[in-house]
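K.L.:
Once you've had a glance at the structure underneath, I'll fire off some questions.
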Amino acid sequence: MFKPISQKFSGGCFYLLRQREDSVVFLGTVFLVHADGYLLTASHLLEENYDGLLAGRSSKPDEFSPLSLDTVQAIPLEVVKTDLITNTALLRFKKKLIINTPDHMIGNVESVFLGSSVLALGFPFGHQELHNLAVQSGVIASKVSLRDHVNLFLFDSAIHTGMAGGPLVNYDDGRVIGIMMGLFVPNEDGGDFIRGSHPGYETSFSYAVSIEYGKAMIEELGLSLL
5 MFKPISQKFS GGCFYLLRQR EDSVVFLGTV FLVHADGYLL TASHLLEENY
55 DGLLAGRSSK PDEFSPLSLD TVQAIPLEVV KTDLITNTAL LRFKKKLIIN
105 TPDHMIGNVE SVFLGSSVLA LGFPFGHQEL HNLAVQSGVI ASKVSLRDHV
155 NLFLFDSAIH TGMAGGPLVN YDDGRVIGIM MGLFVPNEDG GDFIRGSHPG
205 YETSFSYAVS IEYGKAMIEE LGLSLL
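The C-terminal residue of the sequence shown carries number 230 in the numbering used here, and the numbering is unbroken.
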């Protein structure tokens, strides 16, 4: 039942990389949101270092592909804007490319209810140099507003660290409602939660930041979203 959504978004999901002097390091997932080459991801993946960012992807995600690729075609990226409070980053391809993006990509977060089915897309094992795009289903378990008024979706599926930065898509209308961050880890001292992705923590819940913050970044540039 998730096939149409997977096919709609798989072509716009990329692994986020950083070029270093003698190596390329996997950071997480980044996804396309506008035909002018704009992409969204989680700002914590960048570690406030905007140099050497690249985007690569699986060439044929619906076919059997090797777990690891000897060579990866990558496209240079530049950072347009970040927001550390909402953990959202807007990036852009440095090269001018001809891009076809699906219509009606961004969803209305107010119309998402508890129990709604969602689909997560990303590269869960990129840190282990496995380059396959994966899709993962879940259910919205809670809608949370933090003390700094940042809205989150909690869903009942434990995502791996490489999925961070990827889109969380509402099954009902096939639109993105959030940017995935990682496992949801409550603070023991009564604080809201520990930001970022935390491997090894025993929880079956993950969280995504509401897409409304990424949408606002795009609209601030005067770009329209269908």
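C-beta: ideal position from N, C-alpha, C; glycine also. Here the structure is a predicted model, which means the values were calculated and not measured.
Please identify the residue among R22, K99 and P106 whose C-alpha is closest to the C-alpha of K12.
P.N.:
Measuring from the Cα of K12, the nearest candidate turns out to be P106.
K.L.:
Among H131, S141 and F117, which one has its Cα closest to the Cα of E125?
P.N.:
Here the sequence assigns Leu to residue 125, which means Glu is not the residue at that position. Nearest option by C-alpha distance: S141.
K.L.:
Between which two residues does the alpha helix (DSSP H) carrying F13 extend?
P.N.:
Where F13 is concerned, the enclosing alpha helix (DSSP H) stretches over K7 to F13.
K.L.:
Let's test the definition: count the other Cβ atoms within 10 Å of the Cβ of H135 and tell me whether it reaches 16, buried, or not, exposed.
P.N.:
Classification for H135: buried.
K.L.:
Let's see if you can read the secondary structure: which residues bound the alpha helix (DSSP H) around I222?
P.N.:
Start and end: E216 to E224.
K.L.:
Rounded to a whole number of angstroms, what is the C-alpha to C-alpha distance between Y19 and A212?
P.N.:
The alpha-carbon atoms of Y19 and A212 are separated by roughly 18 angstroms.
K.L.:
State buried or exposed for V180, treating a residue as buried only when at least 16 other CB atoms are found within 10 Å of its CB.
P.N.:
Under this definition V180 is a buried residue.
K.L.:
Spell out a yes or no on whether the region 163-183 and the region 25-37 are touching, meaning 3 or more CB-CB pairs, one atom from each, closer than 8 angstroms.
P.N.:
Yes, the region 163-183 is in contact with the region 25-37.
K.L.:
Just curious, the beta strand (DSSP E) that L43 is in, first and last residue?
P.N.:
Residues Y42 to A46.
K.L.:
Can you tell me which of the three DSSP states F18 falls into?
P.N.:
Residue state, collapsed to three classes: strand.
K.L.:
Report, in whole angstroms, the separation of the C-beta atoms of G218 and I183, which I expect to be a contact under 8 angstroms.
P.N.:
Their Cβ separation, rounded to whole angstroms, is 6 angstroms, which keeps G218 and I183 in contact under 8 angstroms.
K.L.:
Compute the Euclidean distance between the alpha carbons of S27 and G119, then round it to the nearest angstrom.
P.N.:
Taking the straight line from one Cα to the other gives about 43 angstroms.
K.L.:
Would you kindly work out how many angstroms separate the C-alpha atoms of E192 and R151, rounded to a whole number?
P.N.:
Caution applies to E192, whose pLDDT of 46 falls short of 50 and renders its modelled position unreliable; the value that the coordinates give is listed next. Distance between the alpha carbons of E192 and R151: 16 angstroms.
K.L.:
Roughly how many whole angstroms lie between the Cα atoms of P128 and S214?
P.N.:
Distance between the alpha carbons of P128 and S214 is about 20 angstroms.
K.L.:
Can you give me the Cβ contacts of S62 inside the same chain, cut-off strictly under 7 angstroms, excluding the 5 residues immediately before and after it?
P.N.:
Only S69, H135, N136 and L137 meet the Cβ criterion.
K.L.:
Excluding sequence positions up to five away, which residues of its chain have a Cβ less than 7 angstroms from the Cβ of A78?
P.N.:
For A78, where only same-chain residues beyond five positions count, the Cβ hits under 7 angstroms are L21, L58, A59 and G60.
K.L.:
When every heavy atom of the ligand ATP is checked, does at least one fall within less than 7 angstroms of the C-beta of D177?
P.N.:
Ligands displayed in this structure: none; no statement on the ligand ATP is therefore possible.
K.L.:
Can you grab the Cα-Cα spacing for the pair L1 / Q23, in whole Å?
P.N.:
Past the edges of the chain, shown from 5 to 230, lies residue 1, and the structure says nothing about it.
K.L.:
Compare the beta carbon distance of M221 and T45 with 8 angstroms and say whether it is the shorter of the two.
P.N.:
No, the pair does not count as a contact, with Cβ atoms beyond the cut-off.
K.L.:
Are the beta-carbon atoms belonging to F209 and A145 less than 8 angstroms from one another?
P.N.:
Their beta carbons are under 8 angstroms apart, which means F209 touches A145 by this criterion.
K.L.:
Look at I9 and L81 and say whether their C-beta atoms are less than 8 angstroms apart.
P.N.:
Not in contact: I9 and L81 (Cβ atoms no closer than 8 angstroms).
K.L.:
Quick check on H38: does DSSP put it in helix, strand or coil?
P.N.:
If DSSP states are grouped into helix, strand and coil, H38 belongs with the strands.
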